[in-house]
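Everything below concerns the one structure shown next.
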Amino acid sequence: MDLPDVQSRTIQGQFMLTRVGVKGVKKPIQVVRPGRSVPLVLTIDAFVDLPSNLRGVHMSRNIESINEVLDIAVRDEIHSIEDLGAHMAEDLLGRHEYATRAEVFFEGDYFRERESPSGTPTLENYRLLASAFAQRGGGTSRMIGAEVIGMNACPCGMETTRKLTEERLGFTPPDLWLTHNQRNIARLYVEVPQRVVVEADDLIDILEGAESSPTRQILKRKDEAEVILNAHLNPKFVEDIVRDILGTFMQRFPDMPDSVYVIAQSESEESIHKHNAFAERRTTLGELRSGRSATNACPCELI
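Start counting the sequence shown at -14; every next residue gets the next number (the working numbering).
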(Lines of atoms letter the chains of each structure in order from A and count residues from 1; the text may use other names and numbers.)
(Lines give C-alpha, C1' and ligand atoms only; values in the text may rest on other atoms or scores of the structure.)
Protein backbone atom coordinates (compact mmCIF):
# COMPACT_ATOMS: atom_id res chain seq x y z
CA MET A 1 0.00 0.00 0.00
CA ASP A 2 1.31 3.47 -0.89
CA LEU A 3 1.00 5.40 2.39
CA PRO A 4 1.08 9.21 2.53
CA ASP A 5 4.24 10.83 3.92
CA VAL A 6 2.58 13.61 5.91
CA GLN A 7 5.75 14.64 7.75
CA SER A 8 7.56 15.46 4.49
CA ARG A 9 4.90 17.81 3.23
CA THR A 10 6.22 21.32 2.78
CA ILE A 11 4.60 24.31 4.43
CA GLN A 12 5.07 28.03 4.00
CA GLY A 13 5.52 30.88 6.45
CA GLN A 14 6.22 28.72 9.48
CA PHE A 15 9.04 28.56 12.05
CA MET A 16 12.01 26.24 12.39
CA LEU A 17 12.09 24.11 15.55
CA THR A 18 15.28 23.51 17.54
CA ARG A 19 14.39 20.15 19.10
CA VAL A 20 11.98 17.54 17.78
CA GLY A 21 12.20 13.88 18.65
CA VAL A 22 11.51 11.27 21.31
CA LYS A 23 11.85 11.33 25.10
CA GLY A 24 11.94 8.67 27.78
CA VAL A 25 13.13 5.68 25.74
CA LYS A 26 14.48 3.08 28.18
CA LYS A 27 17.22 0.60 27.25
CA PRO A 28 19.38 -1.79 29.32
CA ILE A 29 23.12 -1.78 28.58
CA GLN A 30 26.42 -3.06 29.97
CA VAL A 31 29.32 -0.61 30.12
CA VAL A 32 32.71 -2.35 30.09
CA ARG A 33 35.30 -0.59 32.26
CA PRO A 34 38.75 -1.84 33.30
CA GLY A 35 38.21 -4.95 35.40
CA ARG A 36 34.43 -4.77 35.59
CA SER A 37 31.16 -4.59 33.71
CA VAL A 38 28.56 -2.04 34.83
CA PRO A 39 24.84 -2.66 34.15
CA LEU A 40 22.75 0.44 33.47
CA VAL A 41 19.18 1.14 32.45
CA LEU A 42 19.37 4.31 30.36
CA THR A 43 16.57 6.78 29.79
CA ILE A 44 17.26 8.28 26.36
CA ASP A 45 16.06 11.51 24.72
CA ALA A 46 16.98 12.00 21.05
CA PHE A 47 16.30 15.14 19.00
CA VAL A 48 17.03 16.83 15.68
CA ASP A 49 16.14 20.30 14.49
CA LEU A 50 13.41 20.84 11.89
CA PRO A 51 13.55 23.43 9.09
CA SER A 52 10.68 25.88 8.72
CA ASN A 53 9.40 24.42 5.44
CA LEU A 54 8.81 20.85 6.72
CA ARG A 55 5.77 19.87 8.74
CA GLY A 56 7.36 17.20 10.91
CA VAL A 57 10.23 14.78 11.51
CA HIS A 58 10.09 11.05 11.02
CA MET A 59 10.00 10.00 14.69
CA SER A 60 10.48 6.32 13.91
CA ARG A 61 13.97 7.11 12.59
CA ASN A 62 14.99 8.19 16.08
CA ILE A 63 13.87 4.90 17.58
CA GLU A 64 15.58 2.99 14.75
CA SER A 65 18.76 4.93 15.40
CA ILE A 66 18.66 4.15 19.13
CA ASN A 67 18.05 0.46 18.50
CA GLU A 68 20.59 -0.02 15.72
CA VAL A 69 23.40 2.00 17.32
CA LEU A 70 22.85 0.09 20.55
CA ASP A 71 22.91 -3.24 18.73
CA ILE A 72 26.28 -2.40 17.16
CA ALA A 73 27.65 -0.99 20.41
CA VAL A 74 26.62 -4.06 22.41
CA ARG A 75 28.30 -6.33 19.87
CA ASP A 76 31.54 -4.31 19.95
CA GLU A 77 31.27 -3.50 23.72
CA ILE A 78 30.23 -0.16 25.21
CA HIS A 79 33.10 1.56 27.00
CA SER A 80 31.48 4.92 27.74
CA ILE A 81 27.97 6.28 27.50
CA GLU A 82 29.23 9.65 26.20
CA ASP A 83 30.83 7.87 23.21
CA LEU A 84 27.59 5.95 22.71
CA GLY A 85 25.72 9.26 22.64
CA ALA A 86 28.15 10.71 20.10
CA HIS A 87 27.63 7.75 17.75
CA MET A 88 23.88 8.08 18.14
CA ALA A 89 23.85 11.83 17.43
CA GLU A 90 25.95 11.34 14.30
CA ASP A 91 23.67 8.53 13.17
CA LEU A 92 20.62 10.75 13.64
CA LEU A 93 22.09 13.33 11.28
CA GLY A 94 22.58 10.61 8.69
CA ARG A 95 18.95 9.54 8.94
CA HIS A 96 17.46 13.05 8.96
CA GLU A 97 18.92 14.60 5.83
CA TYR A 98 17.05 17.90 6.46
CA ALA A 99 18.50 18.38 9.97
CA THR A 100 21.56 20.49 10.77
CA ARG A 101 22.01 19.32 14.37
CA ALA A 102 21.22 16.34 16.56
CA GLU A 103 21.26 15.91 20.34
CA VAL A 104 21.12 12.85 22.58
CA PHE A 105 20.66 12.82 26.35
CA PHE A 106 21.17 9.89 28.72
CA GLU A 107 20.23 9.38 32.37
CA GLY A 108 20.76 6.20 34.34
CA ASP A 109 20.78 4.87 37.90
CA TYR A 110 24.23 3.81 39.05
CA PHE A 111 25.12 1.92 42.23
CA ARG A 112 28.32 1.85 44.26
CA GLU A 113 29.31 -0.10 47.34
CA ARG A 114 29.89 2.32 50.21
CA GLU A 115 30.00 2.20 54.01
CA SER A 116 28.05 3.87 56.79
CA PRO A 117 30.07 5.80 59.39
CA SER A 118 30.32 2.62 61.50
CA GLY A 119 31.56 0.57 58.54
CA THR A 120 28.31 -1.20 57.62
CA PRO A 121 28.32 -2.05 53.88
CA THR A 122 25.62 -0.33 51.86
CA LEU A 123 24.76 -0.10 48.16
CA GLU A 124 24.21 3.55 47.26
CA ASN A 125 22.28 4.97 44.31
CA TYR A 126 23.66 7.79 42.15
CA ARG A 127 22.67 9.25 38.78
CA LEU A 128 24.83 9.18 35.68
CA LEU A 129 24.20 11.79 32.99
CA ALA A 130 25.58 12.17 29.48
CA SER A 131 24.87 14.14 26.34
CA ALA A 132 26.17 14.46 22.79
CA PHE A 133 25.66 17.23 20.25
CA ALA A 134 26.42 16.75 16.54
CA GLN A 135 26.48 19.67 14.11
CA ARG A 136 26.40 18.93 10.38
CA GLY A 137 29.86 19.87 9.12
CA GLY A 138 30.89 21.02 12.61
CA GLY A 139 31.88 17.94 14.57
CA THR A 140 30.52 16.32 17.73
CA SER A 141 30.77 17.31 21.40
CA ARG A 142 30.29 14.98 24.36
CA MET A 143 29.59 15.54 28.05
CA ILE A 144 29.50 13.20 31.05
CA GLY A 145 27.97 14.04 34.40
CA ALA A 146 26.85 12.74 37.77
CA GLU A 147 24.28 13.64 40.40
CA VAL A 148 24.73 12.98 44.13
CA ILE A 149 22.28 13.45 46.99
CA GLY A 150 23.85 14.41 50.31
CA MET A 151 23.27 16.57 53.37
CA ASN A 152 23.85 20.23 54.03
CA ALA A 153 23.97 22.20 57.27
CA CYS A 154 23.31 25.93 56.96
CA PRO A 155 26.16 28.14 58.28
CA CYS A 156 23.91 31.21 58.46
CA GLY A 157 21.41 29.41 60.70
CA MET A 158 24.25 28.24 62.91
CA GLU A 159 25.65 31.74 63.44
CA THR A 160 22.29 33.43 63.98
CA THR A 161 20.94 30.83 66.43
CA ARG A 162 24.18 31.16 68.41
CA LYS A 163 23.71 34.93 68.61
CA LEU A 164 20.02 34.61 69.47
CA THR A 165 20.82 32.07 72.21
CA GLU A 166 23.33 34.48 73.77
CA GLU A 167 20.71 37.22 73.89
CA ARG A 168 17.73 35.10 74.94
CA LEU A 169 19.27 32.51 77.29
CA GLY A 170 22.26 34.43 78.54
CA PHE A 171 25.08 32.00 77.74
CA THR A 172 27.57 31.68 74.91
CA PRO A 173 26.99 28.50 72.86
CA PRO A 174 29.92 26.43 71.57
CA ASP A 175 31.22 26.86 68.02
CA LEU A 176 29.24 23.79 67.02
CA TRP A 177 25.63 24.81 67.45
CA LEU A 178 22.08 24.54 66.14
CA THR A 179 21.15 24.96 62.51
CA HIS A 180 18.68 23.62 59.99
CA ASN A 181 19.52 20.71 57.70
CA GLN A 182 18.96 20.43 53.96
CA ARG A 183 18.93 17.60 51.47
CA ASN A 184 21.45 18.70 48.87
CA ILE A 185 21.53 17.64 45.21
CA ALA A 186 24.93 18.26 43.66
CA ARG A 187 25.67 17.85 39.95
CA LEU A 188 28.78 18.06 37.82
CA TYR A 189 28.91 17.93 34.01
CA VAL A 190 32.17 17.79 32.09
CA GLU A 191 32.91 18.06 28.39
CA VAL A 192 35.00 15.05 27.39
CA PRO A 193 37.61 15.66 24.65
CA GLN A 194 38.56 12.85 22.27
CA ARG A 195 40.85 10.20 23.80
CA VAL A 196 40.27 11.58 27.32
CA VAL A 197 38.74 9.31 29.97
CA VAL A 198 36.66 10.67 32.84
CA GLU A 199 35.53 8.06 35.35
CA ALA A 200 32.05 8.47 36.80
CA ASP A 201 33.37 7.35 40.20
CA ASP A 202 35.74 10.34 40.25
CA LEU A 203 32.86 12.75 39.59
CA ILE A 204 30.79 11.11 42.33
CA ASP A 205 33.67 11.36 44.82
CA ILE A 206 34.11 15.06 44.00
CA LEU A 207 30.41 15.78 44.47
CA GLU A 208 30.01 13.78 47.66
CA GLY A 209 33.11 15.37 49.16
CA ALA A 210 31.79 18.88 48.46
CA GLU A 211 28.62 18.50 50.52
CA SER A 212 28.46 18.93 54.28
CA SER A 213 28.13 15.17 54.70
CA PRO A 214 27.32 12.10 52.62
CA THR A 215 24.06 10.30 53.31
CA ARG A 216 23.52 6.54 53.29
CA GLN A 217 20.65 4.10 52.81
CA ILE A 218 21.47 2.15 56.00
CA LEU A 219 22.04 4.20 59.16
CA LYS A 220 21.69 2.87 62.68
CA ARG A 221 21.20 5.34 65.52
CA LYS A 222 24.91 5.97 66.09
CA ASP A 223 25.42 6.32 62.32
CA GLU A 224 22.63 8.89 62.16
CA ALA A 225 24.30 10.88 64.94
CA GLU A 226 27.63 10.69 63.09
CA VAL A 227 26.11 12.04 59.87
CA ILE A 228 24.41 14.89 61.71
CA LEU A 229 27.57 15.74 63.65
CA ASN A 230 29.77 15.60 60.55
CA ALA A 231 27.41 17.91 58.67
CA HIS A 232 27.31 20.42 61.53
CA LEU A 233 31.09 20.40 61.74
CA ASN A 234 31.15 21.26 58.03
CA PRO A 235 28.32 23.77 57.38
CA LYS A 236 28.06 25.04 53.80
CA PHE A 237 26.02 27.30 51.59
CA VAL A 238 25.02 26.09 48.11
CA GLU A 239 27.61 28.58 46.85
CA ASP A 240 30.33 26.89 48.92
CA ILE A 241 29.48 23.52 47.41
CA VAL A 242 29.73 24.77 43.81
CA ARG A 243 33.12 26.36 44.49
CA ASP A 244 34.40 23.24 46.23
CA ILE A 245 33.24 21.06 43.32
CA LEU A 246 35.12 23.23 40.84
CA GLY A 247 38.25 23.48 42.97
CA THR A 248 38.47 19.74 43.58
CA PHE A 249 37.83 18.96 39.92
CA MET A 250 40.72 21.21 38.87
CA GLN A 251 43.00 19.49 41.39
CA ARG A 252 41.89 16.00 40.28
CA PHE A 253 42.26 16.75 36.55
CA PRO A 254 45.19 19.18 36.24
CA ASP A 255 46.02 18.13 32.68
CA MET A 256 42.56 18.75 31.21
CA PRO A 257 42.70 21.29 28.34
CA ASP A 258 41.65 24.88 29.04
CA SER A 259 38.87 24.54 26.46
CA VAL A 260 36.99 21.88 28.47
CA TYR A 261 33.56 23.11 29.54
CA VAL A 262 32.21 22.30 33.01
CA ILE A 263 28.90 22.89 34.77
CA ALA A 264 28.70 22.65 38.58
CA GLN A 265 25.36 22.89 40.39
CA SER A 266 24.14 22.70 43.95
CA GLU A 267 20.49 22.68 45.01
CA SER A 268 19.40 22.48 48.64
CA GLU A 269 15.86 21.42 49.49
CA GLU A 270 15.13 23.81 52.32
CA SER A 271 13.69 22.64 55.62
CA ILE A 272 12.54 26.06 56.93
CA HIS A 273 11.44 27.60 53.61
CA LYS A 274 8.96 26.56 50.95
CA HIS A 275 11.53 27.23 48.24
CA ASN A 276 14.94 25.69 47.41
CA ALA A 277 18.36 27.33 47.30
CA PHE A 278 20.39 26.98 44.10
CA ALA A 279 23.84 27.92 42.79
CA GLU A 280 25.63 27.17 39.51
CA ARG A 281 28.76 27.95 37.51
CA ARG A 282 29.07 27.30 33.76
CA THR A 283 32.56 27.90 32.48
CA THR A 284 35.70 26.53 30.87
CA LEU A 285 38.71 25.29 32.78
CA GLY A 286 40.73 28.06 31.18
CA GLU A 287 38.42 30.67 32.66
CA LEU A 288 38.64 29.04 36.08
CA ARG A 289 42.43 28.87 35.96
CA SER A 290 42.71 32.51 34.96
CA GLY A 291 39.98 33.78 37.26
CA ARG A 292 37.97 35.27 34.40
CA SER A 293 34.19 35.42 34.33
CA ALA A 294 32.26 32.85 32.31
CA THR A 295 31.94 33.95 28.68
CA ASN A 296 31.79 30.82 26.51
CA ALA A 297 28.65 28.96 25.54
CA CYS A 298 28.25 25.31 26.43
CA PRO A 299 29.05 22.98 23.50
CA CYS A 300 26.34 20.54 24.57
CA GLU A 301 23.03 21.92 25.75
CA LEU A 302 22.86 19.26 28.46
CA ILE A 303 20.41 21.10 30.67
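Note that the Cβ used here is the ideal one computed from N, Cα and C, for glycine as well.
Have a look at residue 253 and residue 197 and give me their C-alpha separation to the nearest angstrom.
Within the model, the alpha-carbon separation for residue 253 versus residue 197 is close to 11 Å.
Going by DSSP in three states, residue 223 sits in which element: helix, strand or coil?
helix
Apart from the five residues just before and just after residue 121, which ones in its own chain have a Cβ nearer than 8 Å to its Cβ?
Answer for residue 121: 78, 84, 85, 86, listed in chain order.
Cutting at 6 Å between CB atoms, please list the residues of its own chain near residue 287, excluding the five before and the five after it.
Bear in mind that the predicted position of residue 287 carries a pLDDT of just 49, short of 50, making it unreliable; the figure below should be weighed with that in mind. For residue 287, where only same-chain residues beyond five positions count, the Cβ hits under 6 Å are 116, 128, 174.
Identify the residues that DSSP records as bridge partners of residue 125: which are they?
119
Kindly indicate the opening and closing residues of the alpha helix (DSSP H) around residue 77.
66 to 80
For residue 132, which residues in the same chain have their Cβ closer than 6 Å to its Cβ, ignoring the five residues on either side in sequence?
112, 172
Taking 7 Å as the threshold (C-beta atoms), are residue 234 and residue 191 in contact?
yes
Assuming residue 25 and residue 70 are in contact, meaning their beta carbons sit under 8 Å apart, how far apart are those beta carbons, in whole angstroms?
The C-beta distance from residue 25 to residue 70 rounds to 13 Å, too long to meet the 8 Å contact threshold.
For residue 59 and residue 30, which I take to be in contact (beta-carbon distance under 8 Å), what is that distance rounded to the nearest angstrom?
With a Cβ gap of about 20 Å, residue 59 and residue 30 do not count as contacting.
Out of 179, 261, 119, state which residue places its alpha-carbon closest to the alpha-carbon of residue 170.
261
Cβ atoms of residue 224 and residue 264: under 7 Å apart, would you say?
Yes, Cβ-Cβ distance for residue 264 and residue 224 is below 7 Å.
So, with DSSP's three-state summary, where would you put residue 136?
strand
Threshold first: 4 residues or longer. Then list the alpha helix (DSSP H) segments lying entirely within the region 194 to 259, N to C.
For the region 194 to 259, whole alpha helix (DSSP H) runs of length 4 or above, ordered along the chain, are 206 to 217, 223 to 237.
Expressed to the nearest angstrom, what Euclidean distance is found between the alpha-carbon atoms of residue 193 and residue 176?
20 Å
What residues in its chain sit with their C-beta under 6 Å from that of residue 227, if we drop five residues either side in the sequence?
249, 251, 264, 266
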